[in-house]
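Residue numbers (the numbering used here): 15 to 377.
Ideal Cβ positions, reconstructed from N, Cα and C, are used throughout, including at glycine.
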Amino acid sequence: MLATVAGATAVLVAAVAAVPIFLSSVGTASVELQAGERCPRDTGVTSVEPRTAEEIRAGSTNPFLPLADRLGPGNRWARLQLISMANAADPSGFTQVSLLSRDDVEDHVDVLQGDTDLPGGIWITDRAAGETGLGVGDRATIGDTVVPVTAVYRDLSGNEVDRFWCSHADLLLIEVVNGDLRRPPPMAIADRQTFAEIMDGLDLDAAASAWEAPLRGDLTVGDTAALTTELAWCEDGRQPGVSRRQGGLSREPVQANDDSDFVTRYFRSALPFVTQRSEAIQTSVGSGIWPVATFAALAGAGLVAAAATLWADRRRRELVLLTVRGVSPAGLGVKAVLELSLALLAGAAGGVALAYGGVVWLG
């Protein structure tokens, strides 16, 4: 009898518990799928600010470290676009290049010649080497700064970029101009010290600079919603609509309607959209499985009732005697629950385990 009660309870609990567990799984999978389809920068966060040469030289602390449980390792970069680098063969001639300083670039380029350690000079692409006549060991002139060329790497420009370089797709993707394919200017890579030195030589007040952090994996919809709220909370404790925080290169105050709007504007993130879309997917899936789960739960409740009836039949004489002695129906109910409590608890635990295992195995 106790086994029957436990089995019936397991069916009831499994039917009810499987739905929220499955919907949570759906939400987590939806977040992960959308993050995988986009550039990590787009579903993560980016804090862009113009920085002086001295600030870039000194470096800065990752502002997203307090959220390291939900955001992946940060990456900082600084860049300049359309600067002129003198040609080796013709000092009066110049080649337009972009200049980038970014963490961990050494692991994401194919070095063809020269050192594989970045500090102490610039790396140029093989295309730039062909256009300028510069090679490893030569000295490149950018503005009033002369820096050594320490490596030549394979040009990254093309029709697509990988997940590391997608943050700088505008510097690397081929464009169609008047029906013709046009490659972007070659990209030179420098460490922070060399980058700041070149800024000084160009007499630039500031350069575009940022910290980026992608989403970590296995985040639930609740995690991403909470992350949006935390990112939107202002340093001065006020709501984003009246925030004094500065965003973007313009340093203009960011006015926003709500937390999601603020995170989208200030951090250039699709995180609020990803959260909202995942919630919509959960709602859509839930509308299809809740009715089925309800019928299954009713069937389970019927089994539990049948098991309770079986207990009442086996205790019929005892129950009649207790009734004659004045025990109320409530008292009899308490007696039934106490006698069947272990079976009910075991069945409930088994039902939750069955629901979780089913979702993991099937969902």
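- Shown here for Ala202: same chain residues with a beta carbon closer than 6 Å to its own, the five before and five after excluded, namely Val111, Leu113, Ile136 and Ile138 in chain order.
- Counting C-beta atoms within 10 angstroms of its own C-beta, Asp169 has 16 or more neighbours from the protein chains shown and is therefore classed as buried.
- Comparing alpha-carbon positions, the option among Ala32, Tyr280, Leu312 and Val59 lying closest to Ala82 turns out to be Val59.
- Taken in chain order, the unbroken stretches of beta strand (DSSP E) that lie wholly in the segment 157-185 and span 3 residues or more are 159-167.
- A straight line joining the alpha-carbon of Ser61 with that of Leu245 spans about 11 Å.
- Collapsing the DSSP output to three states places Pro54 in a helix.
- Per the DSSP secondary-structure output, Gln110 pairs in a beta bridge with Ser98.
- Fully enclosed alpha helix (DSSP H) runs of no fewer than 4 residues occupy 206-216 of the segment 192-239, in order along the chain.
- Secondary structure of Val277 (DSSP, three-state): helix.
- Assigned with DSSP and collapsed to three states, Ala82 falls in coil, not helix or strand.
- With contacts defined by Cβ atoms closer than 7 Å, Pro198 and Ala142 do not form a contacting pair.
- Secondary-structure assignment with DSSP links Gly144 through no beta bridge to anything.
- Around the beta carbon of Ser298, a 10 Å sphere encloses fewer than 16 other beta carbons of the protein chains shown; the residue is thus reported as exposed.
- About 29 Å separates the beta carbons of Val288 and Gln95, which is beyond the 8 Å limit, so they are not a contact pair.
- About 5 Å separates the beta carbons of Arg230 and Gly86, which is inside the 8 Å limit, making them a contact pair.
- Excluding five sequence positions before and after Pro54, the CB atoms of its chain that fall closer than 7 Å to its own CB belong to Arg177 and Pro228, given in chain order.
- Selection Leu218, Ser39, Ser283 and Thr243 evaluated against Arg65 yields Leu218 as nearest (Cα-Cα).
- Here DSSP, grouped into helix, strand and coil, assigns Thr42 to helix.
- With respect to the 7 Å criterion, Leu185 and Val45 are not classified as neighbours on the basis of their beta carbons.
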